[in-house]
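Residue numbers (the UniProt record's numbering): 1 to 440.
Note that CB positions come from ideal geometry on N, CA and C, so glycine has one too.
Everything below concerns the one structure shown next.
See the structure below:
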């Protein structure tokens with residue numbers, strides 16, 4: 001039986017638009033336009049304009065010999081339809097962390113890790129509870145350890161600028177983030193991995209997820225990239241040695257986590273493979289673009305915003321006797337709003353997926369659409385959080401957007417943590433367990 005809500009019944013019921021093209025050729029055409037010729041956002045926007053709808057059908061998949069069950073998805077690109085992805089009574093999340101492509105479990109020790117489990121799976125609840133407990137246990141050291149690593153990062157940048165007149169924030173940041181995570185989560189000294197932990201985890205991520213990755217070659221070379229990256233999946237043995245070193249380091253440093261896991265009936269081995277995935281594929285892969293975006297948008301914010309931020313931060317820190325804590329950060333209203341606005345402009349995970357549990361009706365601002373059981377929903381967060389009917393001048397960066405009573409009301413339309421910002425992570429949802437620890 002189809003699920004209807006009151007809002008859906010008040011809107012005209014329409015057929016979901018979208019030309020999927022011929023078998024094989026249609027998916028190839030969509031893939032090239034989406035990845036290369038138009039780019040992700042322009043592809044979605046052009047189809048929204050063509051169909052006069054923020055909900056439509058498209059193909060999204062890796063190459064022809066990468067095993068995916070079905071290339072067809074239903075795009076959700078507005079703030080009204082997007083939250084259906086969080087209603088686990090209506091949708092499931094099994095095997096949909098990066099879309100219809102699911103890497104081999106050989107990359108994670110033969111275990112299907114929590115990211116691929118639906119909240120209805122008992123094991124998901126146990127692992128999510130474990131992660132929430134881990135993040136709660138590191139609250140006291142999150143900021144002091146981060147200060148140490150960021151101080152080193154900016155010292156290196158200053159040295160490079162003094163010596164060469166320029167410096168690469170992204171290069172230092174990419175190397176620093178994983179070392180910071182290992183230190184905060186597990187008290188692992190980067191030297192334990194020969195100061196190569198970051199390069200190891202990047203190789204593991206690339207080999208595992210290359211069928212859905214683009215590396216930015218010129219358009220005329222797109223066929224080379226597509227052939228090399230998107231045609232066949234690579235075997236896990238290419239990164240087995242690096243993965244094992246990271247696994248061993250975390251295993252040797254996670255006794256408190258294992259003690260809690262034992263109470264939940266989880267083995268050390270399965271727990272550790274989940275910790276590696278959480279640290280590498282969730283935390284590290286999420287923080288890399290987040291830090292890049294923070295620096296870019298802060299720069300674009302201009303001198304006036306920089307001065308206002310400095311004034312607020314210095315005043316709060318002074319009132320806290322010179323100590324920065326998570327509590328003091330909560331008092332920095334402008335700072336929080338700026339960070340939220342950066343998350344809105346450039347979310348770390350721009351895509352979210354779910355599969356319909358049953359026939360149901362999904363609504364946009366001006367129409368309703370019938371979705372069949374088993375169809376995959378593809379939420380395009382970059383446009384959902386730039387919905388012009390929700391956010392005034394949505395493509396404009398406004399540091400004060402989320403300040404005040406009206407600004408705080410907008411947080412229910414902020415989905416960067418795989419849920420509304422007004423919701424907290426629990427064992428029963430797929431929201432980032434580190435949402436409130438600033439490691440999401």
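According to DSSP, residue 58 shares a beta bridge with 73.
As for any alpha helix (DSSP H) of minimum length 4 sitting wholly inside the segment 129-198, the runs are 139-164, 169-186, ordered along the chain. Spatial neighbours of residue 362 in its own chain (CB-CB distance under 6 Å, excluding positions within 5 residues in sequence) are listed in chain order as 81, 84, 369, 371. The three-state secondary structure of residue 329, taken from DSSP, is helix.
Judged by DSSP secondary structure, residue 11 falls outside any alpha helix (DSSP H); it is assigned neither H nor E. Under the three-state reduction of DSSP output, residue 365 falls in the coil class, being neither helix nor strand. Put simply, the backbone Cα of residue 179 is about 27 Å away from that of residue 426. Non-local beta-carbon contacts of residue 200 in its own chain, meaning distances under 7 Å to residues more than five positions away in sequence, involve 193, 242, 245, 246 in chain order.
Residue 214 and residue 222 have their C-alpha atoms some 9 Å from each other. Put simply, the backbone Cα of residue 32 is about 15 Å away from that of residue 47. For residue 210, the CB contacts under 6 Å within the same chain, skipping 5 residues up- and downstream, are 229 in chain order. Residue 402 sits in coil when the DSSP states are folded into three classes, being neither helix nor strand. DSSP, reduced to helix, strand and coil, places residue 302 outside both helices and strands of the structure shown, so it counts as coil. At the C-beta level, residue 76 and residue 55 come within 8 Å of one another.
Contact annotation, residue 78 with residue 58: C-beta distance approximately 15 Å; criterion of less than 8 Å not satisfied. The segment 281-292 makes contact with the segment 167-176; the number of CB pairs closer than 8 Å reaches 3 or more. About 7 Å separates the CB atoms of residue 337 and residue 407; that is less than 8 Å, so the two are in contact.
Membership of residue 31 in the alpha helix (DSSP H) is indicated by the continuous run 25-32. In the pairwise beta carbon analysis, the segment 329-345 is classified as not touching the segment 150-162: fewer than three pairs are separated by under 8 Å. Selection 42, 25, 108 evaluated against residue 273 yields 108 as nearest (Cα-Cα). Straight across, the Cα-Cα distance linking residue 234 with residue 392 is about 45 Å. Taking C-beta atoms under 8 Å as the contact rule, residue 397 and residue 332 fail to qualify, at a distance of about 18 Å. If you look at residue 382, you'll find it in the alpha helix (DSSP H) that goes 381-384. Going by DSSP, residue 354 is part of the beta strand (DSSP E) stretching over 351-356. CA-to-CA, the gap between residue 174 and residue 366 works out to about 42 Å. 399 is the residue among 399, 413, 319, 132 whose C-alpha sits nearest the C-alpha of residue 308. The DSSP-derived three-state label of residue 80 is coil.
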